[in-house]
Every structure is written in C-alpha cells, then in structure tokens.
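Colleague: Protein chains in written order, with UniProt numbering: chain Z, 1 to 338; chain Y, 1 to 174.
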Amino acid sequence: MRTITYLRATDTAGAVEAVSSDPTSDYLAGGTTEVDLLRQEVLNPRRLVDINDLPLNGIEGTPEGGLRIGALARMSEVAAHPVVRERFPVLAQALESGASPQLRNMASMGGNLLQRVRCSYFRDAESPCNKREPGTGCSALAGFSRGHAVLGTSEHCIATHPSDLAVALVALDAHVRTLGPRGERAYPADEFFLLPGDSPHREHPMEHGELITGIEVPATDPARRSLYLKVRDRASYEFALVSVAAALSVVDGSVADVRLALGGVATTPWRARRAEDFLVGAAADADAFGMAARVEMADAQPTPMNAFKVELARRTIVRALRTLTGGREADPGTGSPT
Amino acid sequence: MSSPGPALARGDTTPAERGPEAVRVTLSVNGTEHEIHIEPRVSLLDALRERLDLTGAKKGCDQGTCGACTVWVDGRRALACLTLAVTCEGHEITTVEGLSADAEPHPLQRAFMEQDAFQCGYCTPGQIMSAAALLDEGHARDDAEIKEWMSGNICRCAAYPNIRAAIRAVRDQT
Ligand SMILES: Cc1cc2nc3c(=O)[nH]c(=O)nc-3n(C[C@H](O)[C@H](O)[C@H](O)COP(=O)(O)OP(=O)(O)OC[C@H]3O[C@@H](n4cnc5c(N)ncnc54)[C@H](O)[C@@H]3O)c2cc1C
Ligand code: SF4
Ligand code: FES
Ligand code: FES
Chain Z
1 MRTITYLRAT DTAGAVEAVS SDPTSDYLAG GTTEVDLLRQ EVLNPRRLVD INDLPLNGIE
61 GTPEGGLRIG ALARMSEVAA HPVVRERFPV LAQALESGAS PQLRNMASMG GNLLQRVRCS
121 YFRDAESPCN KREPGTGCSA LAGFSRGHAV LGTSEHCIAT HPSDLAVALV ALDAHVRTLG
181 PRGERAYPAD EFFLLPGDSP HREHPMEHGE LITGIEVPAT DPARRSLYLK VRDRASYEFA
241 LVSVAAALSV VDGSVADVRL ALGGVATTPW RARRAEDFLV GAAADADAFG MAARVEMADA
301 QPTPMNAFKV ELARRTIVRA LRTLTGGREA DPGTGSPT
Chain Y
1 MSSPGPALAR GDTTPAERGP EAVRVTLSVN GTEHEIHIEP RVSLLDALRE RLDLTGAKKG
61 CDQGTCGACT VWVDGRRALA CLTLAVTCEG HEITTVEGLS ADAEPHPLQR AFMEQDAFQC
121 GYCTPGQIMS AAALLDEGHA RDDAEIKEWM SGNICRCAAY PNIRAAIRAV RDQT
C-alpha cells in the first residue's frame, strides 16, 4: 500500500473544491471499497478527502410518498428505517442482503453506488484489465468467468456490476443527486451506470470531484408490494449470482404495473424493460412470467463458465414474480433475512 | 460514524492536509485516550495491534471478508481492517479487551467457554464483539436470525452451532 495524505472535509463545497481541483484526490466515505483497493494498489490516490463529517446522512419520506436519502446514510440505517421498510421493501431487502452487518454499518449510499467490480483480474492489480488499465485487454474473456455478466457485455469487459442497492434503485426509477464544480445535477439511476462498451474504465457520467449528495426515490404505486430475491453460492455475506428486484400491481388478474431489475448477471444494474413491456396487460400467472423472463434473457451472451446464469436468471425472475402474486413463498435465506 | 469530529468540535474551520509521513493521532479506545504517531494509511486494526498492544482484534484477511477484526466504533460493530485509524479521531473505539468494564468476563465470554464455542480461537474475539452487538441490536430472536446477522464472522473451525448456543444462552439470561 502506497502512502497517502489525509484531509477531513468540514463543508460540502470545500470537499468538492478539494477533490475536483486535484486529479490525485479521492473521496473517502465508509472506506469499504476505497481502503480495500488502496491496499491492493488497484486505486492509487495521493490524498483521501474524508467526507464523513458532512451533513449528508438524512433519511426522510417525502409528503408525496417518496424518499430522500443522504449520500452518507449507512446501509444499515437506511435498511432499518421504518419509512423505507414500509414504502420500499425491495430497497430494505436489497440492502440487508448485501455484505455483512459490520460492513453495512460502515458503507454509505454514495460509496455503494461507486463500489468497484469484484472481477479477480481487476482486483489483483497485475493481470491485463481494460477497466483498471485501459487498452491492456480483458483477462476474464478467456479466463475464469463464472461470476461474470451475460447481459450488457462487450468484447472489452464482462465484469458484473456488484451492487444490490443499485438494482433496487434502478427498478424504482430513483435519481442520483450530485454536486460538482459546475453545480448540482440529478441523474436517473438507469442512466448513471454505463455499459462497458469500448471504455470499461468509465463507469458513470460524473466528472472527477463530482460528489454524490443524495438519492431520491419517487413514490411508485407497486413499490409497497415489492421484493428483492438474491441467489448466491452461500446463504449470506456473498455477492449475487442472480438477483431480482421486483415490484408488481395486479388488477383483475392482469399486470397493471411492474418494475423489474436484475443483479449479478449484467455489467450494470439491469432494468428488465423487455420483460416489463411484455408483462403489462398480461395475465399475472406463471406462464406469462416465464415468457417475460425468456424475452429478457434472449440476448444473453454467456461464456462456457457462466452459461448457467441464463436459466438461473429466468427461474429467479419467475420465482420473484410468483412470490409477489402469492403463488409461492421465497425460500428462506435467498430473500430478505428478516 | 457521522457525528462531528474534533476538527468541528473545536470550531477549527480550516482543515489541514496531514501526512504522508507519520502524524499525531488521538484515539479513544476502551474509554482511554491514546496519542500515537502513525501514517494516515495505517488501519485501525494495525494501530490497535501494533501500537496499542491490543491484540484481541485479529487479522484474518485484511480485506473485509472474515470479521476477525470486528470492533465497535461508537458502539456499532465495524471492521477494523477497512477503517483507517486517522478517521477514528473523535469516535469511541471498543475492542474485546474493553468489552467488560470490570475484571469479570462478559456474559458472552463466559458462555463461549461454557458452550465450547471455539476450537483454535482465532475468530473468537471478532465473534464475541459481533455477538454482543447482535444482542444489543435485537437480532437474535431465533436461530435463522442469529445465523443471518452473525454471517459477517467466518469461523474456519466451523464452531457455528456452539457459537449460536452461546448467543442463545446469553439472550435467554436477560
Ligand atoms: C467483503 C465484502 C462483501 C461485500 N458484499 C456486498 C454485497 O453483497 N452487496 C453489495 O451491494 N455490496 C457489497 N459490498 C460492497 C460494499 O457495499 C461497498 O464497498 C460499500 O457500499 C462502499 O461504500 P463506502 O461508503 O464504504 O465507500 P468508500 O469505500 O468510502 O468509497 C467507494 C468509492 O466511492 C467514492 N465515494 C464515496 N462516497 C462518495 C460520494 N458521496 N460522492 C462521490 N464519490 C464517493 C470513493 O472515492 C470511492 O472511490 C461488499 C464489500 C466487501 C468488502
Ligand atoms: S472483465 Fe472487466 S474488470 Fe474483469 S478483467 Fe475484463 S476488463 Fe477487467
Ligand atoms: S481481517 Fe478484517 S474482515 Fe478479515
Ligand atoms: S475457532 Fe478457529 S476460526 Fe473459529
């Protein structure tokens, strides 16, 4: 681990000024990605600007039925908040299914959205990796790719987006609010996470030094009946092989509104719009759910090692939707822990 | 971890950049203030173990994947390996050495012995710090909940059933 200098920011504008004026400065929130990757020498900032004292940790319901969350609210605090649990179960469940209780006490909302991929070639700081060192190639393409993506991939990178939170936010049409040297911005969550294309090192549209200040989740009709279903190699403390964030309203036996997003299978938190389009107006039954899942996964491009994810994703989509319609209970250990 | 740090508390509004060489850092650990000189890159885990001789917290992985380094920051369980010591100024750290205020073992420490909740013992301080927090959080209502909310502490010896028994024993005492 290289040496660093440390600056504890006392005001938001000062923090933005400090980082945007210095390409070698990084923000430090919970540190669960930043310190980890500093130690691996995957990230090599000269200076860390600690933002933990900034007043960005509020969590509040809006009068319209939505939600505003500060960028420094911790995963554990957001998951436990009564308004979150009541209005957006999918969000609370996504948060509680991630990492561990200790990590969730440390990890912030902003940091979670900007966590880096778990691809072992990216993390080893040595292997050719287009994301870490543009132009060096992608070691995963011909290497070990069991955990990698089957949707949204390119010939330059197939790493899976690791965040559970982001999957729920994309399903809920949330916005990411930022403050940069050129003022405030709000990005739709679905546009915040970039496909790798030929520039996998660019993961989001922010400029250097732009600070995430908060997340806004609009009121959504189906959100109160929503869930996060995460399938993984062990029952807890593990990233997703496949996860599904789903929200559903059914009127007279057919789908009135549905939100569906996938984790663990794509290079971004994947809004399953094709499946949604198929489902709206369709009968809310297992056949339609299966067809929708098939439609969504039709363009999947698996490697020989992760081909299992295509069928696993279809089944997980169907199970999530059937659970929401009362068709079948989620197995304990794969849905919410509580 | 979001209460104002010393810089704010002192009303000192011009934050200074510190390091990369060793800087003076004041840590409050188990109710005692310690002044140490460390580089900003030093983890809380290394500061505790190498500078303060508090070797209860263990280094299992140094990358957040095992829980052996679990301590409390302002009463909440956290991983000392992914925490930089310098960020802990103004916050209260509790390690397994400070879990029990008097010389008596904490009820969980006693229960771990009675229930044979370890073999090699390497994960045990982390398990105990995590378990004590779990009981405070109210996340020990049944075995499924204990399993889920203790999942951040890996035991290589797989003492899990006995660890759960120790947690249940303390839960049911109160
Ligand atoms: C063992 C392990 C298991 C995990 N399992 C899961 C899991 O199952 N699911 C899951 O979703 N996540 C998981 N995580 C990832 C974890 O959730 C993230 O590391 C965490 O959310 C990052 O938040 P942080 O506050 O610690 O960010 P930091 O590490 O402080 O920051 C992360 C990055 O974001 C930047 N940054 C931080 N805050 C801001 C801001 N407000 N504005 C602009 N930039 C900012 C930093 O400069 C840094 O580059 C796991 C992590 C570990 C170590
Ligand atoms: S999949 Fe992406 S992150 Fe992994 S080695 Fe290839 S380019 Fe790097
Ligand atoms: S040493 Fe900190 S989690 Fe393993
Ligand atoms: S007792 Fe050996 S690792 Fe848990």
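In this text, a Cβ means the ideal position worked out from N, Cα and C, and glycines have one as well.
In angstroms with no decimal places, state the Cα-to-Cα distance between residue 1 of chain Y and residue 74 of chain Y.
Modeller: Only weak support exists for where residue 1 of chain Y lies, its pLDDT of 39 falling under 50; the value from the coordinates is given anyway. Rounded to the nearest angstrom, the two C-alpha atoms are 7 Å apart.
Colleague: For residue 120 of chain Y and residue 106 of chain Z, I'd like the C-alpha separation in whole angstroms.
Modeller: Answer to the nearest angstrom: the Cα atoms are 28 Å apart.
Colleague: Mapping the DSSP letters down to three states, classify residue 88 of chain Y as helix, strand or coil.
Modeller: In the structure shown, residue 88 of chain Y sits in a helix (DSSP, three-state: H, G or I).
Colleague: Closer than 6 Å from C-beta to any heavy atom of ligand 3: which residues, in chain order?
Modeller: That gives Y:59, Y:60, Y:61, Y:62, Y:64, Y:65, Y:66, Y:67, Y:68, Y:69, Y:79 and Y:81.
Colleague: How is residue 336 of chain Z classed by DSSP in three states: helix, strand or coil?
Modeller: Residue placement at residue 336 of chain Z cannot be trusted, given a pLDDT of 44 that sits under 50; what the coordinates show is reported in the next sentence. If DSSP states are grouped into helix, strand and coil, residue 336 of chain Z belongs with coil.
Colleague: Kindly list, in the order they appear in chain Z, the residues whose Cβ is closer than 7 Å to that of residue 15 of chain Y.
Modeller: Those within 7 Å of residue 15 of chain Y in chain Z are 7, 8, 9 and 10.
Colleague: State buried or exposed for residue 37 of chain Y, treating a residue as buried only when at least 16 other CB atoms are found within 10 Å of its CB.
Modeller: When all chains shown are included, residue 37 of chain Y counts as exposed.
Colleague: Hey, could you find the ends of the beta strand (DSSP E) residue 183 of chain Z is sitting in?
Modeller: That run of the beta strand (DSSP E) goes 183-188.
Colleague: Taking any Cβ of chain Y, which residues in the segment 99-112 of chain Z have a Cβ under 8 Å from it, in chain order?
Modeller: From the segment 99-112 of chain Z, only 99, 100, 101, 102, 103, 105 and 106 have a Cβ closer than 8 Å to chain Y.
Colleague: According to the neighbour-count rule (16 or more other Cβ atoms, all chains shown, within 10 Å of its Cβ), is residue 6 of chain Z buried or exposed?
Modeller: Classification for residue 6 of chain Z: buried.
Colleague: Are the Cβ atoms of residue 85 of chain Z and residue 94 of chain Z separated by less than 9 Å?
Modeller: No, the pair does not count as a contact, with Cβ atoms beyond the cut-off.
Colleague: Does the separation of the CB atoms of residue 77 of chain Y and residue 70 of chain Y fall below 9 Å?
Modeller: Yes, the Cβ-Cβ distance between residue 77 of chain Y and residue 70 of chain Y is below 9 Å.
Colleague: So, does the CB of residue 136 of chain Y fall closer than 9 Å to a CB anywhere in chain Z?
Modeller: It does not; no Cβ of chain Z falls within 9 Å.
Colleague: Using a Cβ-Cβ distance under 9 Å, would residue 173 of chain Z count as near chain Y?
Modeller: Not an interface residue.
Colleague: In angstroms, rounded to a whole number, what distance separates the CA positions of residue 118 of chain Z and residue 37 of chain Z?
Modeller: Near 11 Å, if we compare the C-alpha coordinates of residue 37 of chain Z and residue 118 of chain Z.
Colleague: Does the beta-carbon of residue 21 of chain Z have 16 or more other beta-carbons within 10 angstroms, so that it is buried, or is it exposed?
Modeller: Residue 21 of chain Z comes out exposed.
Colleague: Assign residue 157 of chain Y to buried or exposed, taking buried as 16 or more other Cβ atoms, counted over all protein chains shown, within 10 Å of its Cβ.
Modeller: Flag for residue 157 of chain Y reads exposed.
Colleague: Could you please give me the residues that DSSP links to residue 237 of chain Z through a beta bridge?
Modeller: Residue 237 of chain Z is not bridged to any residue.
Colleague: Which value, in whole angstroms, describes the spacing of the CA atoms of residue 321 of chain Z and residue 297 of chain Z?
Modeller: Using only the alpha carbons, I get a separation of about 16 Å.
Colleague: Since I believe residue 117 of chain Y is in contact with residue 165 of chain Y (beta carbons under 8 Å), could you give me their beta-carbon distance rounded to a whole number of angstroms?
Modeller: Confirmed, Cβ separation roughly 7 Å.
Colleague: Quick one: list the residues of chain Y neighbouring residue 3 of chain Z, beta-carbon separation under 9 Å, in chain order.
Modeller: Within 9 Å Cβ-Cβ: 19, 20, 21, 39, 40 and 41.
Colleague: Between the segment 155-171 of chain Z and the segment 261-269 of chain Z, do at least 3 Cβ pairs fall closer than 8 Å?
Modeller: Yes: the two stretches touch, three or more of their Cβ pairs being nearer than 8 Å.
Colleague: Going by DSSP in three states, residue 150 of chain Z sits in which element: helix, strand or coil?
Modeller: Coil.
Colleague: Note down, in chain order, every chain Y residue with its Cβ under 8 Å from the Cβ of residue 236 of chain Z.
Modeller: Going along chain Y in sequence order, the residues near residue 236 of chain Z (Cβ under 8 Å) are 147, 148 and 151.
Colleague: Can you tell me whether residue 23 of chain Y sits near ligand 1, meaning its C-beta is under 8 Å from at least one heavy atom of the ligand?
Modeller: Every heavy atom of ligand 1 is 8 Å or more from the Cβ of residue 23 of chain Y, so no.
Colleague: What do you reckon, is the C-beta of residue 127 of chain Y under 8 Å from a heavy atom of ligand 4?
Modeller: Yes, the beta carbon of residue 127 of chain Y sits closer than 8 Å to at least one heavy atom of ligand 4.
Colleague: For residue 73 of chain Y, decide whether its Cβ has a neighbour in chain Z, counting only Cβ atoms nearer than 9 Å.
Modeller: By this cut-off, residue 73 of chain Y is an interface position.
Colleague: Determine, using beta-carbon pairs with one atom in the segment 271-290 of chain Z and one in the segment 247-262 of chain Z, whether at least three such pairs fall under 8 Å.
Modeller: Enough Cβ pairs lie closer than 8 Å, so yes.
Colleague: Residue range of the alpha helix (DSSP H) that residue 147 of chain Y falls in?
Modeller: First-last of the alpha helix (DSSP H) with residue 147 of chain Y: 143-149.
Colleague: Using a Cβ-Cβ cutoff of less than 7 Å, which residues in the same chain neighbour residue 121 of chain Z once the five nearest sequence positions on both sides are dropped?
Modeller: Excluding positions up to five away in sequence, the list reads 127, 129, 139, 140 and 143.
Colleague: In the DSSP assignment, find the unbroken beta strand (DSSP E) run with residue 135 of chain Y in it and report its ends.
Modeller: That residue, residue 135 of chain Y, is in no beta strand (DSSP E); its alpha helix (DSSP H) goes 124-137.
Colleague: Look at residue 29 of chain Z and residue 108 of chain Z and say whether their C-beta atoms are less than 9 Å apart.
Modeller: The answer is yes: Cβ separation under 9 Å.
Colleague: Check whether the Cβ of residue 42 of chain Z sits closer than 8 Å to any heavy atom of ligand 2, and report yes or no.
Modeller: Result no, Cβ not under 8 Å from ligand 2.
Colleague: Name, please, each residue of chain Y whose Cβ falls closer than 8 Å to the Cβ of residue 31 of chain Z.
Modeller: Ordered by position in chain Y, the residues that pass the 8 Å Cβ test against residue 31 of chain Z are 82, 83, 84 and 87.
Colleague: Mind pulling the chain Y residues with CB within less than 8 Å of residue 167 of chain Z?
Modeller: Those within 8 Å of residue 167 of chain Z in chain Y number zero; the least Cβ separation is about 20 Å.
Colleague: For chain Y, is any of its Cβ atoms less than 9 Å away from the one on residue 403 of chain Z?
Modeller: Only positions 1 to 338 of chain Z appear in this structure, which leaves residue 403 of chain Z out of reach.
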